[in-house]
Amino acid sequence: MNKIDIRTVNVIQYVHPLREGGSLPAIVKADDGFLYVLKFRGAGQGKKALIAEFIGGEIARAINLKVPELVFMNLDDSFSKIEPDEEIQDLLKFSVGLNLGLHFLSGAITFDPLVSNVDAMTASKVVLLDSIISNIDRTAKNTNLLHWNNELWVIDNGASFYFHHDWKNWENHLTRTFPLIKDHVLLQKATNLNKASNEIQDLINQDKIIEIVSNIPEDWLQSESDTMTTNEMKEAYIQFINTRFSKIDLLVKEAENAR
Numbered sequence: 001m002n003k004i005d006i007r008t009v010n011v012i013q014y015v016h017p018l019r020e021g022g023s024l025p026a027i028v029k030a031d032d033g034f035l036y037v038l039k040f041r042g043a044g045q046g047k048k049a050l051i052a053e054f055i056g057g058e059i060a061r062a063i064n065l066k067v068p069e070l071v072f073m074n075l076d077d078s079f080s081k082i083e084p085d086e087e088i089q090d091l092l093k094f095s096v097g098l099n100l101g102l103h104f105l106s107g108a109i110t111f112d113p114l115v116s117n118v119d120a121m122t123a124s125k126v127v128l129l130d131s132i133i134s135n136i137d138r139t140a141k142n143t144n145l146l147h148w149n150n151e152l153w154v155i156d157n158g159a160s161f162y163f164h165h166d167w168k169n170w171e172n173h174l175t176r177t178f179p180l181i182k183d184h185v186l187l188q189k190a191t192n193l194n195k196a197s198n199e200i201q202d203l204i205n206q207d208k209i210i211e212i213v214s215n216i217p218e219d220w221l222q223s224e225s226d227t228m229t230t231n232e233m234k235e236a237y238i239q240f241i242n243t244r245f246s247k248i249d250l251l252v253k254e255a256e257n258a259r
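Anchor point for the sequence shown: position 73 equals 73 in the UniProt record's numbering, and the numbering is continuous, going up by one each time.
The following block contains the structure:
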């Protein structure tokens, strides 16, 4: 099983905003010469969305789904000072520090459920991924999937793990399944759920879950409004993910019934 190696790069150029959704991600250039889609810590859901994006993306990668490389991105305070748009200026100002970037897939097109093709195994894996990470945002209205080089790529997992917006009650989510899977954009194409479940369980284990969670930057876990320590939060993510894997047969059944 491959070890996670998350690179850290510095933003050297703000190219342009992506005005899709409310969080205003942007195309930026880093000091390694590559373009990235930058997800800002100062956007609506803040650092929690970055955590969800990171964990969800690395779990997807671990189960052999296509995911753009994720990198930690340092943003300094120089960009907000030269940005004329006040909304973007504020976003840049509140996002100084460590953010999350996804390697920009030049020429990729948004997955369209009416015209785009996806094989049953890949569709089944994505459906189970989103059941495991409780991702409420992979619907026909907002697919959060790309087609690039004739392959399906998984992006935008920031709406996952929504229990972390209310740490006081997070344990209530341990006993739940994921009924919202009924709205998943790939559900009708996910006709290989049992085989996908077996492959997922072969590919990911407790050590991999711990490794992914341990790579979350401490800074992203710190908040004045949260009473839990950063270690307690990491343990909670690990426990939640383990619980989801322990009931993967239930998640398969739920998805099959919904389909």
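Positions of the beta carbon are idealized from the N, C-alpha and C atoms, including for glycine.
Sub-9 Å separation of residue i and residue j beta-carbons
i	j	result
I238	V213	yes
D76	N149	no
L152	S106	no
E199	I88	no
A196	S80	no
G220	I27	Note on identity: in this sequence residue 220 is Trp, with Gly being the wrong assignment. Cβ atoms of W220 and I27: not closer than 9 Å.
W167	T230	no
H184	V127	yes
V115	L186	no
L129	L65	yes
A140	T191	no
Beta-bridge partners of residue i, as assigned by DSSP
i	result
I8	Here residue 8 turns out to be Thr, not Ile, going by the sequence shown. Partner(s): F72.
V28	Y14, Y36
K66	W153
W148	E151
L174	Paired residues: none, contrary to the question.
G42	The partner list for G42 (beta bridge, DSSP) is empty, contrary to what the question assumes.
T191	None; T191 has no bridge partner.
N99	M73
H165	Paired residue(s): none; H165 is not in a bridge.
T110	L146
residue 267	Nothing in the structure corresponds to residue 267, since the chain is present only between 1 and 259.
Residue span of the beta strand (DSSP E) that contains residue i, given as start and end
i	result
W153	151-154
L221	Run containing L221: none in the beta strand (DSSP E); it sits in the alpha helix (DSSP H), 218-221.
Bounding residues of the alpha helix (DSSP H) (the contiguous stretch that carries residue i)
i	result
L129	120-132
N257	248-258
F104	That residue, F104, is in no alpha helix (DSSP H); it is neither H nor E in DSSP.
K93	86-94
E224	Counting along the chain, E224 falls outside any alpha helix (DSSP H), and DSSP gives it neither H nor E.
K208	206-214
S80	78-82
Other residues of its chain near residue i: CB distance less than 6 Å, five sequence neighbours each side excluded
i	result
E211	I4
I109	H147
E69	H103
G101	Y36, L38, V71, M73
I241	I209
V67	G57, A60, R61, V154
Chain-order list of residues whose beta-carbon lies under 8 Å from that of residue i (same chain, five-residue window excluded)
i	result
N215	I4, I6, F54, E58
A43	G22, S23, L24, P25, A49, L91, S95
A30	V9, N10, V11, I12, Y36, V71, M73, G101
N169	F163
K182	A258
Sequence-distant residues of its chain with Cβ nearer than 7 Å to residue i (five each side left out)
i	result
F178	S131, S134, L251, E254
Q188	R259
F111	T143, L145, L146, H147, L152
L180	I136
E86	none
Cβ-heavy atom distance, residue i to the ligand NAP, below 8 Å
i	result
A52	In the structure shown, the ligand NAP is absent, as is every other ligand, since no ligand is present at all.
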